[in-house]
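Protein chains in written order, with the working numbering: chain A, 1 to 226; chain B, 227 to 452. Notes for the one structure printed next.
2 protein chains.
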Amino acid sequence: MNGKIFIIEDEPSIIQLVQHNLEKEGFLVASSTNGNDGLKDLKKFEPNLLLLDWMLPDLSGIDICKNIRNNSSHKNLPIIMLTAKGEEEDKIKGLDSGVDDYLTKPFSFNELLARIKAVLRRYDPKVVSNSLEFEDLKLNRFEKRVFRKNIEIQVGPTEFRLLEFFLSNPKRVYSRDQILENVWPNNINVESRTIDVHIRRLRKSINIDKTKELIRTVRSSGYSLI
Amino acid sequence: MNGKIFIIEDEPSIIQLVQHNLEKEGFLVASSTNGNDGLKDLKKFEPNLLLLDWMLPDLSGIDICKNIRNNSSHKNLPIIMLTAKGEEEDKIKGLDSGVDDYLTKPFSFNELLARIKAVLRRYDPKVVSNSLEFEDLKLNRFEKRVFRKNIEIQVGPTEFRLLEFFLSNPKRVYSRDQILENVWPNNINVESRTIDVHIRRLRKSINIDKTKELIRTVRSSGYSLI
DNA sequence: TTAATTTGTAATAAATCTGTAACAAATTAA
DNA sequence: TTAATTTGTTACAGATTTATTACAAATTAA
């Protein structure tokens, strides 16, 4: 486990408990005891997940949550709310305001950990694992390996990045411009037709013996992973 | 809302309640009352989310969940577990086995809906937005795909844009001029009769086997989606 | 260094899409 | 009813888009 977790919580004893245990699990942890500081520090820390107390001295957890969801830079930050209230009404409010999960105090650390893993697994699998998958295709970022049907296949560096990009959003159609922007190093100028050639190379590599085509051409729009 | 939700649950009364309400919300719902059938049907249905009962006649929810997580094709299917047991131990087991959330019976439909939305919003934002529908016709901008009765149909780029335009305002009649303005790239000059030909092409594509005509001709005014 | 691999481009082939014209069919007006 | 208007349908040539190949330059490894 290697993600960064930020905690906004006004009870130091809880911070201490959670931080200590999360660090033992391999997370990098930072925290703040009030909402305004938290929102500021959050930006610098760039966590993969936020643990957010419902009741804070200055802002409410819901306020913070909404603030985050409306602020483009951390729009999609997964949030787990810690709450002392137990009523269903509040729970729903929390979930609808964009919270990913909530936990009622007092909670056991194990329960918290399980939820963190579940949310991260769903939201940001690369934090939990560094392998991207789609059907029988697997890409390991860490080892820089690609497999089809568990058989390793060789792809060049550009094809690797290209596949990595497609795997980050399977089924979504990307235009050649979007592909250029995301797969090629910044400010490099390549002919947009060049992409076709790399697509061809990638296809050639990943379509081993009679496996189905995984890259879809969408005429006048671009390409997608099926 | 337009995602597909699959339910594996052995109590017909719950299925009925949930299915009915989810359909009212715009979801496409299918279900199964036991684990083995469920696992099979799941693959055909390709849902965006699974509601899974903890206790089933044949397999346990946990078994099913693990099976899904280990099976490459639906590895990342979001799962919400429905459980009658309330002990924390079980909850953790569920979450660690890859469940995204769980709900303890009895639950209110609103609570369920809130959770479904929360999970989908995080996991599969394109399901929650980005798709246009009218009756049994569906267009996904994200994937650039068109479906009639859940069967994918192929349309050319211009027909896609044309359909996208009609879907943005079903039932409204558009004149050929309006269609030209909105569907064709700016400053391009095409004969207005050309639209008739594209309408014909679009009709041909979306009217698969005996489905009813969806594009209405309004003589001397234009066309509309029924 | 040399050899091997990777990369971008250009050229050409192949596939698909597009607009128009021509005629048929349907509808409305006289 | 006939004539006029509007829409449906088809075929086709030209245009556009994508696939494929070959090759030279650049990069990397040995």
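By construction, the Cβ of each residue, glycine as well, lies at the ideal position given by its N, Cα and C atoms.
- Other residues of its chain near B/Asp267: CB distance less than 8 Å, five sequence neighbours each side excluded: Phe232, Ala256, Ser258
- Query: Where do the N-terminal and C-terminal ends of the beta strand (DSSP E) with A/Ala30 fall, by residue?
  - Reply: 28-32
- Query: Just curious, the beta strand (DSSP E) that A/Gly222 is in, first and last residue?
  - Reply: 222-225
- Query: In whole angstroms, what is the alpha-carbon distance linking A/Glu133 and B/Ile294?
  - Reply: 14 Å
- Query: Helix, strand or coil: how does DSSP classify B/Gln245 here?
  - Reply: helix
- Query: Which residues bound the alpha helix (DSSP H) around A/Tyr123?
  - Reply: 109-123
- Nonlocal neighbours in the same chain, by C-beta distance under 8 Å from A/Phe107, ignoring five residues either side: Shown here for A/Phe107: same chain residues with a beta carbon closer than 8 Å to its own, the five before and five after excluded, namely Leu82 in chain order.
- Given that B/Ile411 touches chain A, what residues does it touch there, using C-beta distances under 7 Å? What sits at residue 411 of chain B in the sequence shown is Pro, not Ile. Correct list: empty, because the minimum Cβ distance to chain A is about 11 Å.
- Message: For chain B, check one thing: does any of its Cβ atoms lie closer than 9 Å to the Cβ of A/Val218?
- Response: yes
- Query: Where does B/Thr330 fall in DSSP's three states?
  - Reply: strand
- Message: Check this for me: beta carbons of A/Glu9 and A/Leu52, under 9 Å apart or not?
- Response: yes
- Helix, strand or coil for A/Lys44 per DSSP? helix
- Item | Bridge partners - A/Leu50, DSSP secondary structure assignment | A/Phe6, A/Ile79
- Task: Determine which residues of the segment 148-182 of chain A have a Cβ less than 7 Å from any Cβ of chain B, and write them out in chain order.
- Result: Lys171, Arg172, Val173
- Query: Taking the C-alpha atoms as reference points, what is the distance between B/Ala310 and B/Tyr328?
  - Reply: 10 Å
- Query: Counting pairs of Cβ atoms below 8 Å between the segment 181-193 of chain A and the segment 155-172 of chain A, do you hit three or more?
  - Reply: yes
- Task: Return the bridge partner residues of A/Phe134 from the DSSP annotation.
- Result: In the DSSP output, where bridge partners are listed per residue, A/Phe134 has A/Leu137.
- Relative to the C-alpha of B/Phe253, which residue among B/Gln380, B/Asn376, B/Arg445, B/Leu393 is closest? B/Asn376
- Any idea which residues DSSP pairs B/Thr443 with across the strands? B/Tyr449
- Can you tell me whether B/Ser447 is buried or exposed, with buried defined as 16 or more other CB within 10 angstroms of its CB? exposed
- Provide the residue(s) that pair with A/Phe147 in DSSP beta bridges, ordered along the chain. A/Lys138, A/Glu152
- Beta-carbon gap between B/Glu272 and A/Lys171 smaller than 9 Å: no
- Proximity winner among A/Lys24, A/Glu135, A/Val99, relative to A/Val119 (alpha-carbon distances): A/Val99
- Please compile the residues from chain B whose C-beta is within a distance smaller than 9 Å of the C-beta of A/Glu25. Chain B residues near A/Glu25: none, gap ~13 Å exceeds 9 Å.
- Message: Using 9 Å as the threshold, is the C-beta distance between A/Asn34 and A/Pro12 below it?
- Response: The Cβ-Cβ distance between A/Asn34 and A/Pro12 does not fall below 9 Å.
- What do you get for B/Ile452, buried or exposed, if any count of 16 or more other CB atoms within 10 angstroms of its CB means buried? exposed
- Task: Report all residues from its chain with a CB closer than 7 Å to the CB of A/Val155; omit the five preceding and five following residues, and keep chain order.
- Result: Val146, Leu163, Leu202, Ser205
- By Cβ distance below 7 Å, which residues in the same chain neighbour B/Thr393 in space, the five residues on each side in sequence not counted? Reading off the sequence, residue 393 of chain B comes out as Leu, not Thr. Hits under 7 Å: Leu358, Phe360, Leu365, Leu451.
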